[in-house]
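According to my numbering, the sequence shown holds residues 4 to 383 in order.
Glycine residues also receive a C-beta, built at the ideal position from the N, C-alpha and C atoms.
Keep in mind that this is a model prediction, so the values were computed, not measured.
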Amino acid sequence: MNFRIIYNQTEDNIVVVGEFEEYKHEEQLMEFLNLLQKQNFYITFLEANIVPRNIVEKLFTLQEDGRCTIFVLERYLYSYLQNLGIKCKYTEAHWCFNKLENKLPNEKQTLNKEDVYIFLNELNNVYGYDYTDYQIDSISRRINVAMIKEGICDFALFKHKVLNNQKLFHNLFLDFSINTTEFFRDPEVFALIKNKILPYLDSYNHIKIWCAGCSTGKEVYSLAIMLEEAGMLGKTQIYATDLNPYVIEEGKNGMYSTGTLDKDINNYRNAQGEKSFIQYFDITKGYIKVKSELMKNILFFHHSLLSNGTLNEFNLILCRNVFIYFNDGLQEKILRNFYNSLDNNGFLVLGKSEGIQRNNGEKYFCKYDEKLKVYTRIYS
């Protein structure tokens, strides 16, 4: 749904209905930004889960000046803005169902694995998202979290509500999404990429890299920094994909909390970064913002490892800390896709708790650095 603006001039109240869709509607966006020039007003985001970078910057400035009060109805946007230091008020327009009939659960429920699997099949039939090959224990834990948030003790009732209410499924989808990331996570892996993989790839005239399961983009920008310092960013195209469309928009915005800045700097140093981490960002009180020159050769887009096929012929693929949520059969399917997506001399980097032993991955890849979970494609 395209966003639209409702403005009540007598009450100085701006209401935004719908999602902002990838900066496609410049005239609407400019109209909205012009409204934000006003003095002292209320703004309510009804359905937006993420907002573009220029709006985030404007909201931050307005709050610094004490000129606006922000209300948010979607918890994803609420968390995003709060994380960037923008204070807002979370509210719900109405209850999706009568919670008074159910006592709030104060502990996780024991879910039958067969019942959970049946539920996942029904989710796929109704909404088209297939979670049946995810690790069942991990999925069960996340269903428990969702039930607690919605105040439902009974799994059968929760299942019925989700299958008949797209809003509830949307919330469950967010709970299923795994978005843990940081700049230069596992610095020794980035040091290996810097010292061994990038010098090899530098012989290519054009380099293509895929960050699969990129989350909010911190790993993507970490790679871009290393490529910039190696003088290789200009001839590299980075594809950054994730199943969750909202983390993709976060990645495009390139704005992150300053709360982890000390750790970010330390990770960068341990990854053998050559300059100063903060030189790649503009810094405000609440957030750091990736400088535009670092973003030029990065393409963020929505993509499912489960249902989408081969993307391109890449020189390097990173898919870190994603496999731990999949069963062995799905891991093999994705490894086969990665095999078909790499050139003959391509590299694959997995997470530190992942590998190619239990999922028949040795049919497709051989070890380059087993300790750091780096592999090379077997020649076809």
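Nearest C-alpha to Arg145 among Lys170, Tyr130, Leu338 and Phe176: Phe176. DSSP places Arg380 in the strand class (E or B) of the three-state scheme. In the DSSP assignment, the residues bridged to Ile210 are Thr239. DSSP lists Lys292 as the beta-bridge partner residues of Asp285.
Lys266 carries a helical assignment under DSSP once its states are collapsed to helix, strand and coil. Counting only residues of its own chain and dropping the five nearest sequence neighbours on each side, Asp178 has a CB closer than 7 angstroms to the CB of Arg145, Val148 and Ala149.
Taking 8 angstroms as the cut-off, the beta carbon of Ile268 is found no closer than this to the beta carbon of Phe284.
Listed as beta-bridge partners of Met258 by DSSP are Lys292. Considering only Lys355, Gly332 and Phe303, the residue with the shortest C-alpha distance to Asp136 is Gly332.
For the pair of segments examined, the segment 256–271 was found not to touch the segment 314–333: the number of CB pairs separated by less than 8 angstroms stays below three. The secondary-structure analysis by DSSP pairs Ile139 with nothing; it has no beta-bridge partner.
The three-state secondary structure of Val54, taken from DSSP, is coil. Collapsing the DSSP output to three states places Phe6 in coil. A residue is called buried when at least 16 other Cβ atoms come within 10 angstroms of its Cβ; Ser344 meets this threshold and is buried. Remark: C-beta atoms of Asn270 and Glu185 approach each other more closely than 8 angstroms. In chain order, Asn174 and Asp178 place their CB closer than 8 angstroms to the CB of Lys152, counting only its own chain and leaving out the 5 sequence neighbours on each side.
Taking Leu321 as the centre and dropping the five residues before and after it, the same chain places the C-beta of Cys214 and Val352 closer than 6 angstroms to its C-beta, in chain order.
Taking 8 angstroms as the cut-off, the beta carbon of Asp205 is found closer than this to the beta carbon of Met235. Nearest neighbour of Asn340 by Cα position, chosen from Gly220, Leu308, Gly21 and Lys41, turns out to be Leu308. The three-state reading of DSSP puts Glu22 in strand, counting E and B together. Judged by DSSP secondary structure, Lys162 falls outside any beta strand (DSSP E) and instead within the alpha helix (DSSP H) spanning Phe158 to Leu166.
For Asp118, the enclosing alpha helix (DSSP H) covers residues Lys116 to Tyr130. Annotated three-state conformation of Leu345 is strand, per DSSP. Under the Cβ criterion (8 angstroms, minimum of three pairs), the segment 157–171 does not count as touching the segment 81–94. Comparing alpha carbon positions, the residue from Lys197, Val75 and Leu126 closest to Leu171 is Leu126.
Of Ile121, Glu191, Ile155 and Leu84, the smallest CA-CA separation from Glu60 is found for Leu84. At a Cβ-Cβ threshold of 8 angstroms, Asp133 and Phe158 do not count as neighbours.
Of the other Cβ atoms in all chains shown, fewer than 16 fall within 10 Å of the Cβ of Arg7; this residue is therefore exposed.
The three-state secondary structure of Thr183, taken from DSSP, is coil. In the structure shown, the three-state DSSP call for Asp245 is strand. Phe350 and Arg380 have their C-alpha atoms roughly 6 angstroms apart.
A direct Cα-to-Cα measurement between Gly289 and Ile58 gives close to 15 angstroms.
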